[in-house]
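Participant: Below: one structure in structure tokens.
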Amino acid sequence: MDSKQIYGESIRHFLGPVLPLLDDPEVSEILINGPDTIYYEHAGKLYLSDCQFASERMLKAAATNIAEFCNRRFDSKNHSVDARLTDGSRVHIITPPSSRIGTCISIRKFKKSSFSLESLIQWGSLTPETAEFLQLCVLLHKNTIISGGTGTGKTSTLNALSTAIPEHERIIVIEDSSELQLNQAHTVYLEAQQPEPDGTGGVTIRDLFVDSLRMRPDRIVVGEVRRGEALDLIQSMISGHSGSLTTVHANTPRDAAIRLETLCLMSDVSLPVYVARTQVASAIHIVVQIGRFADGSRKITTIAECGGLDSDNHYIFNDIYYTDYQGLDENGRVQVAMKRTGYIPSFSDEPFSMGFSDKVRETEGLFIRKTV
923 MDSKQIYGES IRHFLGPVLP LLDDPEVSEI LINGPDTIYY EHAGKLYLSD CQFASERMLK
983 AAATNIAEFC NRRFDSKNHS VDARLTDGSR VHIITPPSSR IGTCISIRKF KKSSFSLESL
1043 IQWGSLTPET AEFLQLCVLL HKNTIISGGT GTGKTSTLNA LSTAIPEHER IIVIEDSSEL
1103 QLNQAHTVYL EAQQPEPDGT GGVTIRDLFV DSLRMRPDRI VVGEVRRGEA LDLIQSMISG
1163 HSGSLTTVHA NTPRDAAIRL ETLCLMSDVS LPVYVARTQV ASAIHIVVQI GRFADGSRKI
1223 TTIAECGGLD SDNHYIFNDI YYTDYQGLDE NGRVQVAMKR TGYIPSFSDE PFSMGFSDKV
1283 RETEGLFIRK TV
């Protein structure tokens, strides 16, 4: 057995009390709130399980094992850890005294089979037409931001969109904790590292960004923008590395732009607000907004194009698709339809000029060949 397999068996041993939840393909998230209280998410809704750990000591042993697998540590100077399981599932750990109820472990499970545009169509998150539109945006190297709240499916959507990247392109993936699982063979995964106890050896997202620009990337994919690395991403987008994909926490496309602007200002580069805003407005092409509904479903609610800034220096966003809410079905499930607004994208002729005219089927009328 190699080291990964050994860690896998060890982690499963320590997580024994929640193995039924880990092995259940219908469970998408496991939330361990101390040794006695464990919730799980099924079909978008949370339920209290009857699983329990024997003691706080046993739960902390599980947390320590998970952290060690990712070369992470938590102690008096590191109260929390972002890590992953051997199957790629994302894990966040926070320990006492920061957590008053004992060690808390949040496990976000991912299914490899879910990472495709076709599966998003089957789940009702996308329509065939909007899937084709987004596929063309990726092929045309449009910088695309996936925006949404916590647990809306941003990472799954990012994985699905990444399947539209051609096989011949070199992809550099940058993450705090590695969780993306791209299908393309020529993908290089870079992961940030915590510093050693003496403060040395740390590798930040920003460090990895500098590395990535020297690695001849055709695409740069950032799992999530959270801090000052937003400035590096935005500047790479406007300096020859188009076609980037990333996610951000925001409730609307405009909020996503404002969030990126704020994160740019959090970098160690002194930047006037108007410069940050101008760069964000120039960098973003498409924002895909995701929402989570009362029935637990996640759906894309808006697809918008960024049109730069208006005369008052405010972001201009033009919705291309919007969600038409159609009530509940007999099972209480939310029914929606994605509809065109009538706005024609500024790049409507590019599929034809770039050689992708054969891929314009469902989106006829949205992409229009220019006549001379």
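Sequential numbering of the sequence shown, starting at 923, is according to our numbering.
For each residue, glycine too, the CB sits at the ideal point set by N, CA and C.
1) Sort H1014, R1255, L981, E978 by Cα distance to R994 and report the nearest one.
2) Within 10 Å of its beta-carbon, does N1235 have 16 or more other beta-carbons around it, so buried, or fewer, so exposed?
3) What beta strand (DSSP E) runs, 3 residues minimum, are completely inside the segment 1127-1190?
4) Report the residue from A1205, R1291, S1011, N1253 whose alpha carbon sits nearest the alpha carbon of L1102.
5) Hey, H1001 and T1025 are a contact pair by Cβ (cut 8 angstroms); roughly how many whole angstroms apart?
6) Verify whether the separation of the beta carbon atoms of A1198 and L1187 is less than 7 angstroms.
7) Please go through the segment 1019-1089 and give each complete alpha helix (DSSP H) segment of 4 or more residues, from N-terminal end onward.
8) Would you kindly check if the distance between the Cβ of A1172 and the Cβ of S1069 is under 7 angstroms?
9) Could you check whether A1259 and P1175 sit closer than 7 angstroms to each other, using their CB atoms as the reference points?
10) For the beta strand (DSSP E) containing N955, list its first residue and its last residue.
11) State the CB to CB distance for the pair M1159 and A1205, rounded to an integer number of angstroms; the pair is presumed to be in contact (CB under 8 angstroms).
12) Compute the minimum distance between the beta carbon of I1016 and the heavy atoms of the ligand SAM, and state whether it is under 6 angstroms.
13) For M1276, I'd like the list of residues in its chain whose CB is within less than 8 angstroms of its CB, leaving aside the five on either flank, ordered along the chain.
14) Go ahead and label S950 buried or exposed: buried means 16 or more other beta carbons lie within 10 angstroms of its beta carbon, across all protein chains shown.
15) Just how far apart, CA to CA, sit L1250 and K982?
16) On a CA-only basis, which of D946, N1253, D1241 is nearest G1218? Give me that one, please.
17) What residue range is occupied by the uninterrupted beta strand (DSSP E) comprising Q1257?
18) Is the beta carbon of G1075 closer than 7 angstroms to that of I988?
19) Work out the CA separation of L1048 and K1221 for me, nearest whole Å.
20) May I have the straight-line CA-CA distance separating W1045 from E1118, to the nearest angstrom?
21) Is the number of C-beta pairs between the segment 970-980 and the segment 1080-1092 that are closer than 8 angstroms three or more?
22) What are the residues that DSSP puts in a beta bridge with K1221?
23) DSSP three-state call for S1002: helix, strand or coil?
24) Just verifying my parser: in three-state terms, what is the DSSP assignment at A1226?
25) Are T1066 and L1167 close, meaning C-beta to C-beta below 7 angstroms?
26) Output the boundary residues of the alpha helix (DSSP H) element that contains E878.
27) Do you know how far the Cα of D924 is from the Cα of S1038?
28) What's the call for D945, buried or exposed, on a 16-neighbour Cβ count within 10 Å?
29) Determine the contact status of I952 and L941, defining contact as a CB-CB distance below 7 angstroms.
30) Across which residues does DSSP place L1112 in a beta bridge pair?
31) Could you check the C-alpha separation between P1194 and R1149 for me, to the nearest Å?
32) Please report the straight-line C-alpha distance between E948 and I1290, rounded to a whole angstrom.
Facilitator: Reading it off the structure:
1) H1014
2) exposed
3) 1141-1144, 1167-1171
4) S1011
5) Contact flag wrong, Cβ pair sits at about 11 angstroms.
6) yes
7) Segments of the alpha helix (DSSP H) lying fully in the segment 1019-1089: 1039-1045, 1050-1061, 1076-1084.
8) yes
9) no
10) 949-955
11) 4 angstroms
12) Ligands are entirely absent from the displayed structure, and the ligand SAM is therefore not among its contents.
13) L1061, L1062
14) In summary, S950 is buried, with 16 or more beta-carbon neighbours lying within 10 Å of its beta-carbon over all protein chains present.
15) 43 angstroms
16) N1253
17) 1256-1262
18) No; because the gap between Cβ atoms is not below 7 angstroms, this pair is not in contact.
19) 7 angstroms
20) When rounded, the separation of the alpha-carbon atoms in W1045 and E1118 is 43 angstroms.
21) no
22) G1213
23) Annotated three-state conformation of S1002 is strand, per DSSP.
24) strand
25) Pairing T1066 with L1167 gives a Cβ-Cβ distance under 7 angstroms.
26) No statement about residue 878 is possible, as the shown extent of the chain runs from 923 to 1294 and does not include it.
27) S1038 and D924: Cα-Cα distance of roughly 30 angstroms.
28) exposed
29) no
30) Answer is I1096.
31) For P1194 and R1149, the gap between their C-alpha atoms comes out near 17 angstroms.
32) Rounded to the nearest angstrom, the gap between the Cα atoms of E948 and I1290 is 42 angstroms.
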